[in-house]
Amino acid sequence: MKLQKISVPVVCLMVAVFSNVYVSAQEATPEPVMELGTEADLEPTEAEIEAALTALGDDGFIGIIACTFGTEYHFTVADTARQYAEDLGLQAEVFDSQVNVERQISAIESFTADGVDVLVICLFDPPSVLSALEAASEAGVQIVQYAGRQLADLGGVTISIEDADLGRAAGEYAASLITEEMGGEANIAILDFPDVANVVIRADAIRAAIEAGTPNAVIVGNYLGGTTEFGLASMESALIEHPEINVVVSINDAGAYGAMQALENAGRTDAIIVGIDAEDQARELITEGGMFRGTIDTSPARTGELTINAAIKLLAGSEIPQNVAVPVTLINADVLAEMEATPESSS
Amino acid sequence: MSQPVDRSSTLRRVVSFLGENGFIVIFVLWAIYLSLNTRNFATANNLFTVLRQASIIGIVAIGAHYVILLGDIDLSLASNLTLSGVVMAALMVNQGIAPLGALLITLALGAGIGVINGFIITRLKINAIITTLGVLGILEGVAFIITQGRTISGSEIDAIKFLSTGTLSSIIPVPVILLFIFYGVAFIVLRRTTYGAHVFAVGNNNKAAWLSGVNVNLVKLMTYVLAGTLAAFGGVMQVARQGTATGAMGSDFLFPILTAVVLGGASLTGGRGKIFNTLIAAIFLTSITNGMILLGVDIYTQRVISGAILIVALSLDRLRMMRP
Chain H
52 MKLQKISVPV VCLMVAVFSN VYVSAQEATP EPVMELGTEA DLEPTEAEIE AALTALGDDG
112 FIGIIACTFG TEYHFTVADT ARQYAEDLGL QAEVFDSQVN VERQISAIES FTADGVDVLV
172 ICLFDPPSVL SALEAASEAG VQIVQYAGRQ LADLGGVTIS IEDADLGRAA GEYAASLITE
232 EMGGEANIAI LDFPDVANVV IRADAIRAAI EAGTPNAVIV GNYLGGTTEF GLASMESALI
292 EHPEINVVVS INDAGAYGAM QALENAGRTD AIIVGIDAED QARELITEGG MFRGTIDTSP
352 ARTGELTINA AIKLLAGSEI PQNVAVPVTL INADVLAEME ATPESSS
Chain D
8 MSQPVDRSST LRRVVSFLGE NGFIVIFVLW AIYLSLNTRN FATANNLFTV LRQASIIGIV
68 AIGAHYVILL GDIDLSLASN LTLSGVVMAA LMVNQGIAPL GALLITLALG AGIGVINGFI
128 ITRLKINAII TTLGVLGILE GVAFIITQGR TISGSEIDAI KFLSTGTLSS IIPVPVILLF
188 IFYGVAFIVL RRTTYGAHVF AVGNNNKAAW LSGVNVNLVK LMTYVLAGTL AAFGGVMQVA
248 RQGTATGAMG SDFLFPILTA VVLGGASLTG GRGKIFNTLI AAIFLTSITN GMILLGVDIY
308 TQRVISGAIL IVALSLDRLR MMRP
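In the order they appear, the protein sequences are chains H and D.
Position in the first sequence (first residue = 1) + 51 = the working numbering.
Position in the second sequence (first residue = 1) + 7 = the working numbering.
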């Protein structure tokens, strides 16, 4: 009885701790090297849309499984996909995995049992859900993956910005600012989020691009970001030990907002912050001309539309490239000013 | 002749001391280690940073502590914090409502969530874990409906930033002052009021309390309302802290809130717990992350070490259960 009392909380803690460690330690599945298609390859014809509607019939539907609704990027992809599908008359259902593997597996199984025709899915831990996806595929479900390329082996279509491309773009832009404005010397903090294997690739690419672009700059360390609170708390502590930090490059905008708050709270106005996602707030901060200098556009709305275009092609039985690249775009003050001057370019 | 007896009694005293104060001993050792091995841990700036970071978790943990004293658990506190923060920000930014008005509406919302939890648990007799888990999902969903997955931000939020960055006499941060005031009041309410005595009575033995004339359902309802209101205030403080609100802003708060209460020694079966130990545990939890950043521990190893520290602290604390 006594042992039970001790062991229950300890075991719970160990499970919590080591499950996190396990997820953190995992490496992303090696991605197959394949020829990439373009957005134009997915543009559906009227006939294909009609064929897709016929294929779905009255009971069929497209299941959209998001990684999370907790960030603007992921919410926008899923929500745009659903709206776009419904605008075309295609039945679509959305599920939020809440970055929880078990929830995602349950959603795949439930959608399959419910007769889903195409699964549009974002994977944050591909190896853990592979079995469920294989079962869905064997049951005749077609699969479109976004925000990653691990499902090509399964015959799935992938619509993706490469995480490595995103990280590289953010790192290269930060490096160019360091070179131009700081003479190539800076103390850099990278905001990471090691819970998600794909994001680790992004953080590694940020580091590699900075090291290549500004060899004299010092990367002080990787700190936990990913959410505004994590970015804020990490940078508050990091700035106490390393007040010399003057550049922050974040794997997403949410973490970068926290870093900016921490820098402002410390009375700093001289730092450079670069994020990824091109959220509305990031664009506003860049336009204001403060420390937030740039972000990388992941085109979430366009990605959402492309996933449905791919689903339509699959339902219509058309030829389709297995991997389609979504372009990576730098958003800085100049780009935003240009968009303001020519509104059609921003759409 | 009497040496073996003395040795045994000394051992018992050590075990007893560790059993009562195990996590505090680990906390003190951790603080000493950080003071000796980092340049800045023991500076006023850093100590206030740790306290500031602990303030929101600490304040919401008061409500969690009260609920756990009842022998229940409230899993909806973090999502209450999220929804309250989102509502506070939306009222100020989107509706143009003044900060005080927005605060009152938000606190009423938090209290209302407590009423719903309390009503379902006491009147419909549904288990607290099930109830608050269900409410958790509802609150998260509503927060996402309001935000539509986007970040709510605007200069209107600047009006409440003093709750995060304000200081008294340019030294003591406002959230730290609030933290200690809330704990002082929480202690007085628990130890010096009839309601506080009833909370312990209900947690110790529900039926005996009822037979003694305690209105068990009312005590439970009041406690959930208190916890909900504190969670809402935590949401307001978090909006002030990050200057924005999102549908996921509180998603990482539940684990540290409950850990603070359990690490502080409150019994999950109810009726036993020291409120100030929850405060110390909240500060300890915050100092773990802060300390590892100051030590320059890499991001992967941080989790292993923080888990190990918690296990050691919790294990020592559990020695009290092994005492003869």
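Yeah, the Cβ is synthetic: ideal placement off N, Cα and C, and Gly gets one too.
Three-state class that DSSP yields for residue i in the structure shown
| i | result |
| --- | --- |
| H/Asp243 | strand |
| H/Val402 | With chain H running from 52 to 398 in the structure shown, residue 402 of chain H is simply not present. |
| H/Gln155 | helix |
| D/Ile123 | helix |
| D/Leu185 | helix |
| D/Ser322 | helix |
| H/Thr349 | coil |
| D/Gly210 | helix |
| H/Ala117 | strand |
| D/Pro180 | strand |
| H/Ser211 | strand |
| D/Gln309 | helix |
| H/Ser285 | helix |
| H/Thr380 | strand |
| H/Arg344 | strand |
| D/Ile159 | strand |
Contact list for residue i against chain H, beta-carbon separation under 8 Å
| i | result |
| --- | --- |
| D/Thr56 | Glu287, Ser288 and Ile291 |
| D/Arg46 | Glu292 |
| D/Asn52 | Ile291 |
| D/Met256 | Thr278, Thr279 and Glu280 |
| D/Thr172 | Asn316 |
| D/Thr236 | Result: empty, since nearest Cβ-Cβ is about 21 Å, beyond 8 Å. |
| D/Gly251 | Sequence inspection shows Thr at residue 251 of chain D; the Gly mentioned does not correspond to that position. Going along chain H in sequence order, the residues near D/Thr251 (Cβ under 8 Å) are Thr279, Tyr308 and Gln332. |
Nearest-angstrom Cβ-Cβ length linking residue i and residue j, presumed shorter than 8 Å
| i | j | result |
| --- | --- | --- |
| D/Val232 | D/Gly121 | 4 Å |
| D/Thr230 | D/Leu110 | Not confirmed; about 22 Å, so no contact. |
| H/Gln196 | H/Gly207 | 5 Å |
| H/Asn303 | H/Asp328 | 5 Å |
| H/Asn374 | H/Gly88 | 7 Å |
| H/Glu335 | D/Arg157 | Not a contact, Cβ separation roughly 12 Å. |
| D/Val196 | D/Val209 | Contact doesn't hold; Cβ gap of about 15 Å is too wide. |
| D/Ala295 | D/Ile316 | The question names Ala, but residue 295 of chain D is Ile in the sequence shown. Sure, about 6 Å apart at Cβ, within 8 Å. |
| H/Thr346 | D/Gln249 | Rounded, the Cβ-Cβ distance is 18 Å, inconsistent with contact. |
Amino acids of chain H, ordered along the chain, whose beta-carbon sits closer than 9 Å to that of residue i
| i | result |
| --- | --- |
| D/Asn297 | Ala284, Glu287, Ser288 and Ile291 |
| D/Asp79 | None at all; the shortest Cβ gap to chain H is about 17 Å. |
| D/Asp259 | Thr278, Glu280 and Phe281 |
Residues near residue i in its chain [Cβ-Cβ closer than 6 Å; skip 5 each side]
| i | result |
| --- | --- |
| H/Val299 | Ala240, Ala310 and Ile324 |
| H/Ile359 | Ala132, Tyr135 and Ala136 |
| D/Leu286 | Gly65 and Tyr190 |
| H/Ala215 | Ile252 and Ala256 |
| D/Gln309 | Met299 |
| H/Val84 | Low local confidence applies: a pLDDT of 39 at H/Val84 is under 50, so the model's placement there is unreliable, with the coordinate-based value given in what follows. Around H/Val84: no qualifying Cβ. |
| D/Ile75 | Val268 and Ala273 |
Where residue i falls, given that 16 or more other Cβ within 10 Å makes a residue buried
| i | result |
| --- | --- |
| H/Val377 | buried |
| H/Glu94 | exposed |
| D/Leu176 | Reading off the sequence shown, one finds Ser at residue 176 of chain D, where the question assumed Leu. Result: exposed. |
| H/Thr393 | exposed |
| H/Gly108 | exposed |
| H/Ala307 | buried |
| D/Ile39 | exposed |
| D/Asn297 | buried |
| D/Gly103 | exposed |
| D/Val21 | exposed |
| D/Asn101 | exposed |
| D/Leu152 | One detail in the question is off: residue 152 of chain D reads as Ile in this sequence, not Leu. Result: exposed. |
| D/Leu321 | buried |
| D/Thr236 | buried |
Under 7 Å from the C-beta of residue i: neighbouring residues of chain H
| i | result |
| --- | --- |
| D/Phe151 | Phe120 |
| D/Ile300 | Tyr274, Ser285, Ser288, Ala289 and Glu292 |
Neighbouring residues, chain D, relative to residue i (Cβ below 7 Å)
| i | result |
| --- | --- |
| H/Leu275 | Ile306 |
| H/Gly218 | Those within 7 Å of H/Gly218 in chain D number zero; the least Cβ separation is about 15 Å. |
| H/Glu123 | Gly156, Arg157 and Thr158 |
Neighbour list for residue i in chain D, Cβ cutoff strictly below 9 Å
| i | result |
| --- | --- |
| H/Phe162 | Those within 9 Å of H/Phe162 in chain D number zero; the least Cβ separation is about 19 Å. |
| H/Phe126 | Phe151, Thr154, Gln155, Gly156, Arg157 and Gly254 |
| H/Asp243 | Ile306 |
Contact set for residue i: own chain, Cβ-Cβ below 8 Å, skip 5 residues either direction
| i | result |
| --- | --- |
| D/Asn47 | Asn53 and Leu301 |
| H/Val169 | Ile113, Gly114, Val192, Gln193, Ile194, Val195, Ala362, Leu365 and Leu366 |
| H/Ala190 | Thr163 |
Contact with chain C by residue i, beta-carbon distance below 9 Å
| i | result |
| --- | --- |
| H/Gly326 | Judged by its chain identifiers, the structure shown contains no chain C, and its protein chains are H and D. |
Beta-carbon neighbours of residue i, restricted to chain D and to distances below 8 Å
| i | result |
| --- | --- |
| H/Gln312 | Arg248, Gln249 and Gly250 |
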